[in-house]
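One structure is given below, encoded as structure tokens.
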Amino acid sequence: MYLVTIGLEVHAQVKTNTKMFCACRTSFGDEPNTHTCPVCLGLPGALPVLNRHAIEKTLLTGLMLNCGSPELSKWDRKNYFYPDMPKNYQTTQMEFPLCIGGGVPLYDHCYPTDHRKNIVTPNKIVRLNRIHLEEDVAKSTHLGNSSLIDFNRAGTPLMEIVTEPDIESAEEAFAYVRSLQMILQQGEVADADMEKGQLRCDVNISLRKNASDPLGQKVELKNLNSISAIRRAIHFEIQRQTEELNAGIPQIQSTRRWDDDRGETQMMRTKEDAHDYRYFPCPDLLPVRTAPLLEKVRPLVPELPHQLANRFEKDLGVTAYDAAVLSSDKQLAIYFEAVTDAAIPGKKVANFIINNLLGTLNERSLSIADCPVAPEKLRSLLSLVENGTLAANQAKEVFTILFDSPEKDPAAIADELGFKPAEAGALDSLVDQVIANNPSEVEAIRAGNEKLLNFLTGQVMKTASPKPNPKQVTDLLRARLL
Ligand code: ZN
Ligand code: MN
Numbered sequence: 004m005y006l007v008t009i010g011l012e013v014h015a016q017v018k019t020n021t022k023m024f025c026a027c028r029t030s031f032g033d034e035p036n037t038h039t040c041p042v043c044l045g046l047p048g049a050l051p052v053l054n055r056h057a058i059e060k061t062l063l064t065g066l067m068l069n070c071g072s073p074e075l076s077k078w079d080r081k082n083y084f085y086p087d088m089p090k091n092y093q094t095t096q097m098e099f100p101l102c103i104g105g106g107v108p109l110y111d112h113c114y115p116t117d118h119r120k121n122i123v124t125p126n127k128i129v130r131l132n133r134i135h136l137e138e139d140v141a142k143s144t145h146l147g148n149s150s151l152i153d154f155n156r157a158g159t160p161l162m163e164i165v166t167e168p169d170i171e172s173a174e175e176a177f178a179y180v181r182s183l184q185m186i187l188q189q190g191e192v193a194d195a196d197m198e199k200g201q202l203r204c205d206v207n208i209s210l211r212k213n214a215s216d217p218l219g220q221k222v223e224l225k226n227l228n229s230i231s232a233i234r235r236a237i238h239f240e241i242q243r244q245t246e247e248l249n250a251g252i253p254q255i256q257s258t259r260r261w262d263d264d265r266g267e268t269q270m271m272r273t274k275e276d277a278h279d280y281r282y283f284p285c286p287d288l289l290p291v292r293t294a295p296l297l298e299k300v301r302p303l304v305p306e307l308p309h310q311l312a313n314r315f316e317k318d319l320g321v322t323a324y325d326a327a328v329l330s331s332d333k334q335l336a337i338y339f340e341a342v343t344d345a346a347i348p349g350k351k352v353a354n355f356i357i358n359n360l361l362g363t364l365n366e367r368s369l370s371i372a373d374c375p376v377a378p379e380k381l382r383s384l385l386s387l388v389e390n391g392t393l394a395a396n397q398a399k400e401v402f403t404i405l406f407d408s409p410e411k412d413p414a415a416i417a418d419e420l421g422f423k424p425a426e427a428g429a430l431d432s433l434v435d436q437v438i439a440n441n442p443s444e445v446e447a448i449r450a451g452n453e454k455l456l457n458f459l460t461g462q463v464m465k466t467a468s469p470k471p472n473p474k475q476v477t478d479l480l481r482a483r484l485l
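See the structure below:
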């Protein structure tokens, strides 16, 4: 058995309209090489201009994650052979990144579902080393013996979020990336969609025998483009290194690629150290004074998902589980709050959203942002349940129709379906008839078997028109028989 030490470097595309050092639009899925200029093509003599929004969003991220910032943040060139960056250096930050320190809280519900009962360190905070800002390279596509290159992505601002080696398992790495994604989305600093390549992750992993030993040689895993791949790749790598160490094969610092189809990592190269990149200060860009920008973005710091969850639990009376679900998506949290109303308990809104709305969205492969039912419509539907007009299962029927005809009024749909509370006396003869027709059930109910009230209620409901709230019928029967 070995102790596992993992550090993560996450590259997240900062949500900006334009690129890091030029005014070209950031875009995804446009015709290749349509958003380019001399700066992002790396032509000689072109001069970069800083994107203020990218800097502000990075500083905002730092505030959300309790980072500090140096007074002056500076820019450096990282030299390398970059086949997808013609100037052969990346403009990045080495010595004075925008953000230093801080940490990312791991949310319980961000662990893999099959692992939530085995969380080793609940409420763990993974410490951050730094967050710096840099530029993305172009996107290359390899076709047999030729390669195509698209510069639309070149120069897109990337935040590189680097942890301390605090992560101890594949499941913690999984929870880290999911929690970080939620926080970035909450702050609207990044969309962080891994499928679109907006969030990319490198994993550094090393094994050692005892906690008192120095860290083992680290292996860096590249090309991880889904959270489940991160988990599988780490499991594979722990197993591989364990077997080699057991066989007396020492590990060397190296970079490996994850092959998702084969489910294994493959050696790419032995790893260079920082000094191999010959970092040097960028002569084209002035340092950034962080204090005024920090003051500007401080008011934009949002409630983080766990703060939102606490508030939902405390002020709106939902369970911890519901609060975790509702705060897991910014749009969902906004929707929930928009439906909630003093007249309807938060718990009932939460139940309906989690049990019905999310299920229906899921069936139709829609996200909450695409939900056709406006929060006000759901609120008026739920108030019909609250005032006794509709029973819970009737409300579900109304909701199904509302989902496909969201312009309709829930009360009108209930009318169309014939769901209407009975007027005083309207049910009397029906109730009398059912009582007369079911003498043995009536006897059993009087003897204490109240469950049979549901049976008699069902009998009344069968013939009642319009359909009252079944609770109304049960109450009438109860009053008559007990
Ligand atoms: Zn450009
Ligand atoms: Mn980087």
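Residue 106 in the working numbering sits at position 103 of the sequence shown, and the numbers go up by one each step.
Just so you know, even glycine gets a beta-carbon here, dropped at the ideal spot from N, CA and C.
Could you check the C-alpha separation between residue i and residue j for me, to the nearest Å?
| i | j | result |
| --- | --- | --- |
| A427 | Q334 | 43 Å |
| E389 | I347 | 7 Å |
| P473 | N359 | 20 Å |
| R181 | T144 | 28 Å |
| L525 | D344 | Any property of residue 525 remains undetermined from this structure, which presents the chain solely from 4 to 485. |
| H118 | E175 | 10 Å |
| D431 | A425 | 10 Å |
| R272 | L248 | 20 Å |
| M162 | K299 | 19 Å |
| L297 | G147 | 48 Å |
| A326 | N365 | 19 Å |
| I3 | Y338 | Lying outside 4 to 485, the shown extent of the chain, residue 3 is not represented and no answer is given. |
| K317 | P471 | 35 Å |
| Q254 | G219 | 8 Å |
| A429 | A377 | 35 Å |
| Y280 | Y92 | 9 Å |
| M197 | V342 | 30 Å |
| K423 | P115 | 45 Å |
| I67 | I186 | What sits at residue 67 in the sequence shown is Met, not Ile. Each residue's Cα considered, the two are about 8 Å apart. |
Could you pull out every residue in the same chain whose Cβ sits closer than 6 Å to the Cβ of residue i, ignoring the five residues on either side in sequence?
| i | result |
| --- | --- |
| A173 | R234, I237, H238 |
| P73 | F99 |
| Y282 | D79, K81, M97 |
| C113 | A178, R181, S182 |
| V321 | F315, G349, K350, A353 |
| G10 | T166, P168, N207 |
| L504 | Residue 504 lies beyond the residue range present for the chain, which begins at 4 and ends at 485; the question has no answer from this structure. |
| K60 | V17, V192 |
Who are the Cβ neighbours of residue i in its own chain at under 7 Å, not counting the five residues just before and after it?
| i | result |
| --- | --- |
| P413 | K380, S383, L384, L387, V401, L405 |
| R260 | K225, N226, T268, Q269, M271 |
| L459 | V437, N441, E444, L480 |
| K199 | F31 |
| V129 | G106, V107, L109, T166, D169, I170, Y179 |
| S331 | H112, M185, P308 |
On a CA-only basis, which of the options is nearest residue i? Give me that one, please.
| i | options | result |
| --- | --- | --- |
| C27 | E138, V321, L319 | E138 |
| T159 | K411, F31, M464, S432 | F31 |
| R133 | G461, G106, D87, Y282 | G106 |
| Q269 | S257, Y110, V352 | S257 |
| H135 | T166, Y110, I438 | T166 |
| I230 | D263, S370, L63, I337 | D263 |
| Q188 | Q254, G104, V304 | V304 |
| N54 | C25, Q436, H278, K142 | C25 |
| E267 | L50, T273, A57, I241 | I241 |
| N354 | M197, Y324, L459, T19 | Y324 |
| V140 | H14, S468, E59 | H14 |
| N213 | E198, I438, M4, L455 | M4 |
| T157 | K142, A232, S150, P168 | The sequence as given places Ala at residue 157; Thr does not occur at that position. If we check each option's Cα against that of A157, K142 comes out closest. |
| I252 | R259, R243, L288 | R243 |
| T8 | P284, L63, V352, P217 | P217 |
| M23 | D276, G362, N155 | N155 |
| T19 | L50, G48, I58 | I58 |
| V328 | Q310, R301, I357, R314 | I357 |
| G48 | P108, D287, Y85, S215 | D287 |
What does a CB cutoff of less than 8 Å around residue i pick up in its chain, not counting 5 residues either side in sequence?
| i | result |
| --- | --- |
| V434 | V463, V476, L479, L480, R483 |
| L75 | F99, P290, V291, R292, T293 |
| R449 | L484, L485 |
| N69 | G104, G105, G106 |
What residues match up with residue i in a beta bridge as DSSP calls it?
| i | result |
| --- | --- |
| W1 | Any answer about residue 1 is impossible in this case: the structure gives the chain only from 4 up to 485. |
| S215 | For S215, which the question treats as bridged, DSSP gives no partner whatsoever. |
| R133 | I103, V165 |
| Y324 | The partner list for Y324 (beta bridge, DSSP) is empty, contrary to what the question assumes. |
| A15 | M162, L202 |
| R28 | T21 |
| T116 | Per DSSP, none; premise fails for T116. |
Open item on the list: Three or more C-beta pairs under 8 Å: does that hold for the segment 96-109 against the segment 31-42?
Closed with: Inter-segment contact for the segment 96-109 and the segment 31-42 is absent: fewer than three beta-carbon pairs are separated by less than 8 Å.
Open item on the list: For the structure I just gave you, are there three or more beta carbon pairs, one from the segment 213-227 and one from the segment 193-205, closer than 8 Å?
Closed with: Taking 8 Å as the limit for Cβ pairs, the verdict is that the segment 193-205 does touch the segment 213-227.
- [ ] Please determine if the segment 116-127 and the segment 187-201 are in contact, where contact requires at least 3 C-beta pairs separated by less than 8 Å.
- [x] The segment 116-127 is not in contact with the segment 187-201.
Task: Touch test, the segment 432-445 against the segment 390-400, Cβ-Cβ under 8 Å, three pairs minimum - done: Under the 8 Å Cβ criterion, the segment 432-445 does not count as touching the segment 390-400, having fewer than three qualifying pairs.
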